Amino acid sequence: MDCLFCKIAAGEIPAKKLYEDDDAVAFADIHPQAPVHVLLIPRKHIASLAHLSAGDERLLGHLHAVAKKIAEEKGLTKGFRTVMNTGEEGGQTVDHMHLHLLGGRSMHWPPG
Ligand code: 5GP
Ligand code: ZN
Numbered sequence: 000m001d002c003l004f005c006k007i008a009a010g011e012i013p014a015k016k017l018y019e020d021d022d023a024v025a026f027a028d029i030h031p032q033a034p035v036h037v038l039l040i041p042r043k044h045i046a047s048l049a050h051l052s053a054g055d056e057r058l059l060g061h062l063h064a065v066a067k068k069i070a071e072e073k074g075l076t077k078g079f080r081t082v083m084n085t086g087e088e089g090g091q092t093v094d095h096m097h098l099h100l101l102g103g104r105s106m107h108w109p110p111g
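In numbering that gives the first Met the number 0, the protein residues as written are 0 to 111.
Written out as structure tokens, the structure reads:
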């Protein structure tokens with residue numbers, strides 16, 4: 000499958016990996032929007048949250064649990080933001096479901 004994030008998960012395209020296990024991989028975003036900007040993906044190819052299948056819900060919890068662990072490791076004691084963009088209007092540009100972990104600066108609301 001011609002998917003950028005599947006290739007990163009498989010190690011076929013280099014990325015700065017911060018965590019990996021049988022189900023998930025976390026790596027630094029190539030265009031960071033904050034001092035800490037990490038992408039968390041399931042190894043399984045799921046195009047977006049809108050494509051989630053029954054039985055895959057646990058992966059969402061797992062991605063968030065890994066995000067919490069990385070936030071602790073990065074010392075984000077003042078807070079952080081987790082975001083999942085879905086589809087064209089959601090601002091998704093890579094069609095492999097991913098959770099953004101952003102931290103190290105104050106975030107704004109509403110988002111753009
Ligand atoms: P989206 O816009 O789909 O929510 O997020 C996609 C993210 O993937 C963007 O923040 C973008 O900077 C990041 N990205 C795109 N291509 C690459 C790449 O080749 N390597 C890494 N590490 N991040 C990428
Ligand atoms: Zn994929």
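Every residue gets a Cβ at the ideal spot worked out from N, C-alpha and C, and that includes glycine. Small disclaimer: the values here were computed from a predicted structure and weren't measured.
How big is the Cα-Cα spacing for residue i and residue j?
i      : j      : result
ARG80  : ILE12  : 26 Å
MET0   : ALA9   : 12 Å
ALA25  : LEU100 : 10 Å
HIS44  : ILE7   : 12 Å
LYS16  : ILE29  : 11 Å
GLY102 : ALA53  : 31 Å
ALA89  : LEU75  : Just to set this straight, residue 89 is Gly in the shown sequence, not Ala. Each residue's alpha carbon lies about 26 Å from the other.
THR85  : ARG42  : 18 Å
GLU57  : GLU19  : With the sequence shown as reference, residue 57 is identified as Arg, and Glu is not the correct amino acid for it. Rounded to whole angstroms, ARG57 to GLU19 spans 16 Å at the Cα level.
GLN32  : GLY60  : 24 Å
ASP94  : VAL82  : 15 Å
Determine, using beta carbons only, whether residue i and residue j come nearer to each other than 8 Å.
i     : j     : result
ALA23 : LEU39 : yes
LEU98 : LEU62 : yes
LYS73 : VAL35 : yes
Mapping DSSP to helix, strand and coil, what is residue i?
i     : result
GLY37 : Reading off the sequence, residue 37 comes out as Val, not Gly. VAL37 falls in the strand class under three-state DSSP.
HIS50 : helix
ALA8  : helix
Quick one: which unbroken beta strand (DSSP E) runs of 3-plus residues sit fully inside the region 52–89? Chain order, please.
79–82
Check each residue's C-beta against every heavy atom of the ligand 5GP and list, in chain order, those closer than 5 Å.
Answer in sequence order: ALA14, ASP28, ILE29, HIS30, ASN84, GLN91, THR92 and VAL93.
Taking any heavy atom of the ligand ZN as the mark, which residues have a C-beta closer than 6 Å to it, listed down the chain?
Having a Cβ closer than 6 Å to some heavy atom of the ligand ZN are CYS2, PHE4, CYS5, HIS44 and HIS95.
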